[in-house]
Amino acid sequence: MTFIIILIFSGAFLAPLIYRYLNKISGWVLALFPLSAFVYLIYNIDITSNGGHFTEEFLWFESLNVNILFYVDGLSLLFGMIITLFGALIAIYSNAYMKKYEGVGKYYLWLLFFAGSMLGVVISGNLITLFVFWELTSFSSFFLIGFFNEKEKSRYAAMQALLVTCLGGLALFAGFIFIYIITGSFDLRYLILHSDVVKSSPLYTIALFLILLGAFTKSAQVPFHFWLPNAMEAPAPVSAYLHSATMVKAGVFLLMRLAPVLGDTDIWNITLISVGMTTMLLGAAMSVAQKDLKKILAYTTISALGTLVLLIGIGTPLAYSAAVLFVLSHALYKGSFFLIAGIVDKKTGSRDVESLSGLYHYMPAVAVFSILAALSFSGFPPFINFISKELSYKASLDTQFYFILIPIFLLASNILSMYSALLAGLKPYLGIKSEYKEKYKISFSFILAPALLSLGGIAAVFFTGILDANVISPAAKSIFLVNTAVEMKYWYGFNTAFILSLLTFAGGYFLYRYRDTFKFYNIVFVNRLAPSRIYDYLLSSIKLISFRQTRILQSGYLRYYIIIIISFLSVTVAAVIIQGNIINLTLDFRFEGIYEMVLFTGIMFSAILATISKSRLSAVVLLGVVGYGVAVIFVLHGAPDLAITQFTIETLTVIIFVLILYRLPKFSNISDRNSKIRDWIIASVFGIIMTIVTLAVVSTEMKPETANYYAEFSKLLANGKNVVNVILVDFRALDTLGEITVLAVAALGIYGLLKLTVKK
Amino acid sequence: MIEFLIILPVIIPFFTGAILIATMKSREISRTISLASAFLLLVSSLVLFAVVWISGIKVLYVGSWKAPFGISFIADVFSVSMLIMTAVMLITVTIYSFSSIDSGREKYGFWVFLQFMIMGVCGSFLTGDIFNLFVWFEVMLMSSFVLIALGNEKFQLEGAIKYVTINVISSVLFLSAVGILYGMTGSLNMADLAGKIKLVGNNYLINIAALFFLTSFGIKAAIFPLFFWLPASYPTPPIPVTAIFSALLTKVGVFALIRVFTLVFTTDVSFTHGIILALAGLTMVTGVFGAAAQFEFRRILAFHIVSQIGYLLLGLGLFTLNGLSATVFFFFHIMLAKTNLFFISGIVNRIYGTYDLNKLGGIYKNHPFISIMFMISAGSLAGIPPLPGFWAKLFVIKAAFESHYYFLGAVAIIVSILTLYSMLKIWNEAFWKKNEYHFTKQEKLTHRFGWYAPVVVISVLMLLLSVFPEHIYLVAQKASEQIINSAEYIKIVIGK
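Those protein sequence lines, which keep their order, are chains Y and L. Using this note's numbering, you'd call the opening residue of the first sequence number 1 and step up by one each time. Using this note's numbering, you'd call the opening residue of the second sequence number 761 and step up by one each time.
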């Protein structure tokens, strides 16, 4: 298994080179990578066909229980075969389709990168490895959808698809983390064995909800379906590969994969059935209102995905078998359809089903394969899809949920889908010739893939037995864990399911026959139904919020920044002060002598005067007075060194200030009254808070262990009588070194700032 | 003797800086010395790491004055990991500067200031003394201020003024906080403080001190609502300056928060760490919204720094083993991703002559290599698996859920989507859009080695981290264990 993953990824990284040197046949060459993987899977089919599985494990992240674990059972094999076979066919098709574009090397890179990631998803046995591959599919699909990235629409669609699927992806991720929290494991084998632990946990509901969100976004369930029709901006082979056969089915795959762990609870069944039914019907309904060939296909794909989710929700062995078979048959006809739409688009330059007609005369082969696909789509016998439709009718009749609503919904959506199938697969080829030139030349590599897929849908008839025994039953068994013998037959007797099938044909044909009377194109409401608008709305609100928030917070004005910072501290500290009631108002106003009182009054007086002074010079001088006053306090409390330092600093500051002041423009008062009041309030509040805090701190009893140590050992150990100096140069010499560095940097910096002016 | 290793990360840049003052006028000599010193720093950090990894936390009493009386330097797994990252970042920035810094700045001390800034950073990581931390912050602040302002370019000074003013406020608050703490306990040694603060008895007063530290370090770390200086100043200086700032400065702020709020302020966790959690959420959200409003390459990145700081803070706020190891892991991821993105924006600017997303375009077509490099870093930032950012987010979100902070976990997830949106915006506009401005200068890149080598090195490191996340995770786990079991740290420092 590791081998084929590595093979495909190396193909991806070689793709640009191969494209450069083997330009004309690069698609064919690159097809060999997935093709050999396909062969490898077929070769190993025996292991899973009897319901077994095999694993390969590499230690990766043991402490988190994340190992690279490949777990291959019937389900993985079915999906793996689809992924690899389609990968090869798409590469061949691309050889013709992508011929004239630029950047095709990168296109192949992402195509194979996607194929590898998708294969990784279906063979992962560890939730985290699964998630890694899961996100890589989203990531690579971003580049594939945005292939025409110089077009605005294309970029928009790519981004939308990635954002929606990544949103789901992250939900999934969170869900997986919950599962880990519940069980302590990401290992699928362990989880299957302990599913009762998961289901009985109080976290089950939230985990389930998150995981479903991931699956639903990926598989385009209503209301997350909108990205899929938009993703039709992608080149046709990408749509065929990602948007019909593989990536959109990743969500369905995940549901199947986790059904043994999370499934079979009421909430699981009811959620899946409800969402599936809604998506199925709405998808079909929306498809009939489309004119664009690819859009029709996109909406019918949404409908098909809904059907799959519905069937998984029903949760009976029969339903699982129907779902598994439908995965296969849908991939065949829908893949073919998309590829043919690509040919038509490429050759005629139009995808408008209303105007296309009579193409049979210009491209007969394409017409044949298209009609085959349409018939398969509609579920006519003997196409394999007939059996899957029969089975799903049978499954829908045999469930306890929603009475008979499910078969009715299924019937309605099948009728609508059949109409779409005929419209897209039949109409463009029949009818009057339009004004196209002569016959279109369609190269072999162009027609090969759709031909094989269309014929595959009918050829399967001859292999139902083998297919059932080797692929379908083992896959269904991986979901239900017990062997379920649902025989694939063309005739289950004249029962209700058969009647429903007949009704479908009649209804679908009826709608198609009288389409001009119904004029479905005009039904605009279905287009209005698009939650794409919600997405756009969300995105533009995010932008709006961002702009507003940024304008308020990041205003560009330093004063507001300072206001916010100071207010933040003031408010939080004030809250604590009030809560703790630590205001200590027992102020001790006894002064040691009259000079202390004079000093105190002087300092306070100068400080207040400095704030209201109208002249810079006097403000500076007043601040100097405050500084000198503080220095005198140091003197009075026995710290002459400190006082001397302070005196020096103050003197220098005042002198430098005075020197600079002459060079500054005149002092002007530009604050208005309101902002002055605001500043006063903020400053006073902060000042009061600082005072309260200081007083509170002073009132606590400090343990002067360090101070005592310095006093005691300064002479004894450091040989210095002056404690302050010893602290500076010995006890805490590193601080001094740091501060000296600061000064040096400042000096050099000033030099550089003054001298250097870089001009752009 | 082995303890001497602990001071080397401060000594090396100090002496380098001093020598560089003398050689300032010669570009070649300055460059050679700078690069050699950066490698020396890496080697000494790696050796120190080996020592600490094998034999546990190491302490150096500077001047042999035992704690708590002198200054202690402490090397634990967390601080030494940060030293290694610092050295790696310094090496890449040095090489990148070879190509991108102009000769004027080089001749007026660019290399000197860079080294002194690193000295401050390393000192901050290593010191076990709260006042000494203040000193290192000052060293860092002064050098970084000169680095921002050097060159006197038009927008530089405006950014520099905002930068220095707000950071000086931070310093003042820091100093007040130290004063408050010293007033209550009479000690400056953090290990000693851890014990002494429990004797204070007045929880409210301790909480006030905690708020002062939170505000002061919060400004440094650029958390909500204190981050303004960052988006205002980061986009203004030359890219190497922005890159090294984004790699280190805010991270030192978070580092200091972690030290203080795991060692000293653990008496009222529901209050202090509750506030941190709330701020973590708000920081993530406001940062990412800020980015969504921008249309300039560097400004988007600058706001994302803020947003990512929220993730770092989240792990601290949880105050659990897994939470803190998530934070430590996140450090590795974010330093790499962010620096690289700035580097790439610089290359883009050199070639296309602008940072404006409106005017950029067509890089994917013309420069696939730059595109891949961008993809790796941006993808990592957005959390695309298996890039390092994915693992980092996995750990953070898991830790949040484990502690039952579901809402914050959800916030982290939604912010992650918005981050992806921002990165996609850059991608769509600069890389995918057709370049309509062919008339703007499109220079051929000269000195390609200097431009590309750092980007390639960091990208390779990121890829290694994607494929082998466990090794770094174990480092983070060990670092977190040492942080959480602070008793061990205290015992080793105090020696009791």
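Glycine included, C-beta positions come from ideal geometry on N, C-alpha and C.
- request: Please classify L:Y821: does DSSP put it in a helix, a strand, or coil?
  value: strand
- prompt: With distances taken between CB atoms, is the gap from Y:G457 to Y:N414 smaller than 8 Å?
  reply: no
- prompt: So which residues of chain Y does L:G830 contact, with C-beta pairs closer than 9 Å?
  reply: D730, F731, R732, A733 and L734
- request: For chain L, find out if any of its Cβ atoms is closer than 8 Å to the Cβ of Y:I582; answer yes or no.
  value: yes
field: Residues of the stretch 146-163 of chain Y with Cβ closer than 7 Å to any Cβ of chain L, in chain order
entry: G146, N149, E150, R155, M159, L162 and L163
Length-filtered (3 minimum) beta strand (DSSP E) runs lying within the stretch 633-701 of chain Y: none
task: Quickly, what does DSSP pair Y:V72 with across the bridge? List them, please.
output: Y:F54
query: Got a sec, what are the start and stop residues for the beta strand (DSSP E) L:I834 sits in?
result: S832 to A835
- prompt: How many angstroms separate the CA atom of Y:T706 from the CA atom of Y:F186?
  reply: 53 Å
Whole-number beta carbon distance between Y:V625 and Y:G602, since they are thought to touch under 8 Å: 7 Å
Sequence-distant residues of the same chain with beta carbon closer than 7 Å to Y:Y19, five excluded per side: S26, V104, G105 and Y108
task: Determine the closest residue to Y:S567 out of Y:S443, Y:L502, Y:S555 and Y:R678, with distance taken between C-alpha atoms.
output: Y:R678
query: To the nearest angstrom, how far is it from the Cα of L:I861 to the Cα of L:L1205?
result: 14 Å
- request: Grab me the residues of Y:A631's own chain with a C-beta within less than 6 Å of its C-beta, minus the 5 sequence neighbours each way, in chain order.
  value: A643, Q646 and F647
message: Please tell me whether Y:L569 has its Cβ less than 8 Å away from any Cβ of chain L.
response: yes
Integer Cβ distance of Y:L78 from Y:V324, believed to fall under 8 Å: 6 Å
- request: Enumerate in chain order the residues of its own chain whose CB-to-CB distance from L:K1193 is below 8 Å, with the five nearest sequence positions on each side excluded.
  value: L1120, G1121 and G1122
- prompt: If you run the structure through DSSP and keep just helix, strand and coil, what is Y:A747?
  reply: helix
task: Could you name the residues of the same chain whose beta carbon sits closer than 6 Å to that of L:I831, not counting the 5 residues immediately before and after it, in chain order?
output: V822, D889 and N892
message: By alpha-carbon positions, which one of L:L971, L:V837, L:V938 and L:S863 ends up nearest to L:G911?
response: L:S863
query: Considering only C-alpha positions, which residue in the set Y:F38, Y:K666, Y:S570 and Y:L69 is nearest to Y:K614?
result: Y:K666
query: Which residue or residues does DSSP assign as beta-bridge partners of Y:S124?
result: Y:F70
message: Counting only beta-carbon separations shorter than 8 Å, does L:I929 have a partner in chain Y?
response: yes
query: Can you tell me whether DSSP reads L:E1056 as helix, strand or coil?
result: strand
query: Using the beta-carbon of each residue, which ones in chain Y are nearer than 8 Å to L:E1162?
result: I181
task: Would you mind sorting L:F1129 into buried or exposed? The rule is 16 or more other CB atoms within 10 Å of its CB.
output: exposed
Interface flag, Y:P640 vs chain L, CB-CB below 8 Å: no
Minimum C-alpha distance to Y:L262 - residue among Y:L210, Y:K291, Y:A234 and Y:S244: Y:L210
field: alpha helix (DSSP H) runs wholly inside the stretch 565-620 of chain Y, at least 4 long, in chain order
entry: 594-612
- prompt: If you measure from the beta carbon of L:E763 to each beta carbon in chain Y, is any gap under 8 Å?
  reply: no
query: What residues in the stretch 172-203 of chain Y bring their beta carbon closer than 8 Å to a beta carbon of chain L?
result: F173, A174, I177, F178, Y180 and I181
- request: Throw me the rounded Cβ distance for the Y:G80 and Y:I123 pair, which I believe falls under 8 Å.
  value: 6 Å
message: For Y:N149 and Y:K100, I'd like the C-alpha separation in whole angstroms.
response: 15 Å
- prompt: Rounded to a whole number of angstroms, what is the C-alpha to C-alpha distance between Y:F133 and L:I1144?
  reply: 10 Å
task: Find the nearest neighbour of L:N927 within the set L:S815, L:K1011 and L:L986, judged by alpha-carbon distance.
output: L:L986
- prompt: Three or more beta-carbon pairs under 8 Å between the stretch 152-162 of chain Y and the stretch 276-284 of chain Y, yes or no?
  reply: no
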